[in-house]
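Participant:
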Amino acid sequence: MNCPKCGDPGTQVFLDTVYNLLKEDLKAFFEKGVYYACTNPDCEVAYFGGNTYLVSDVYPKLWYKDSSDDVYLCYCNKVTRREIKEAFQKVGPDLKAIFALTGACGGGRCRTENPLGRCCHKVIEEYVKELRQQ
Ligand SMILES: [Zn+2]
Numbered sequence: 001m002n003c004p005k006c007g008d009p010g011t012q013v014f015l016d017t018v019y020n021l022l023k024e025d026l027k028a029f030f031e032k033g034v035y036y037a038c039t040n041p042d043c044e045v046a047y048f049g050g051n052t053y054l055v056s057d058v059y060p061k062l063w064y065k066d067s068s069d070d071v072y073l074c075y076c077n078k079v080t081r082r083e084i085k086e087a088f089q090k091v092g093p094d095l096k097a098i099f100a101l102t103g104a105c106g107g108g109r110c111r112t113e114n115p116l117g118r119c120c121h122k123v124i125e126e127y128v129k130e131l132r133q134q
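In terms of full-length UniProt numbering, the sequence shown opens at residue 1 and continues consecutively.
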């Protein structure tokens with residue numbers, strides 16, 4: 001399924017992820033169905049499928065659409081990009097040490113808290129790789 005706005009292929013997500021991240025007043029009108037996330041950083045659509053929801057319809061900032069420092073990379077334990085960067089500066093690229101210091105990646109609620117319904121491990125690993133190249 002392609003995003004109705006930008007045409008990029010969507011990433012299928014769990015129904016309960018979309019429901020959980022919707023702003024409170026939209027939950028009552030939630031339409032069940034198969035949902036996809038639009039991960040194009042330049043597109044304002046967050047989810048589409050059963051219904052279309054914009055970035056402004058969901059609570060958290062989406063790490064794949066917003067590159068600012070105050071965006072969560074770990075949604076379960078609310079660890080921001082800035083906190084990961086600071087931990088990297090302190091303990092280096094060792095992921096275990098970064099997780100231990102920040103509490104990232106251990107919440108176990110990725111299915112409903114992470115906007116793609118996935119564990120944040122890979123995302124943080126990619127970000128640390130990026131930091132090493134700077
Ligand atoms: Zn889109």
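Positions of the beta carbon are idealized from the N, C-alpha and C atoms, including for glycine.
What you are looking at is a predicted structure, and each value in this text was computed from that prediction instead of being measured.
Quick check on DSSP: helix, strand or coil for N20?
Facilitator: Correct three-state label for N20: helix.
Participant: Could you tell me the alpha carbon to alpha carbon distance between P41 and K90, rounded to whole angstroms?
Facilitator: C-alpha separation (whole angstroms): 30 Å.
Participant: Is V13 a contact residue of ligand 1, with contact defined as CB to any heavy atom under 6 Å?
Facilitator: Because no heavy atom of ligand 1 lies under 6 Å away, the Cβ of V13 does not count as near it: no.
Participant: Counting only runs of 4+ residues fully inside the region 14-94, write out the alpha helix (DSSP H) ranges in chain order.
Facilitator: Taking only runs of at least 4 residues, the alpha helix (DSSP H) segments lying wholly in the region 14-94 are 15-21, 24-27, 81-91.
Participant: Below 8 Å on the Cβ atoms is my guess for C110 versus R118; work out the distance and round it to an integer in Å.
Facilitator: The pair is a contact, with the Cβ atoms about 6 Å apart (cut-off 8 Å).
Participant: Judging by CA-CA distance, which residue of E113, Y47, A100 is the nearest neighbour of G7?
Facilitator: Selected option, being the one with the closest Cα: Y47.
Participant: Is it the case that the Cβ atoms of E31 and N2 are separated by a distance below 7 Å?
Facilitator: Not in contact: E31 and N2 (Cβ atoms no closer than 7 Å).
Participant: From P93 to A28, what does the alpha carbon distance come to, in whole angstroms?
Facilitator: Cα-Cα distance, rounded: 44 Å.
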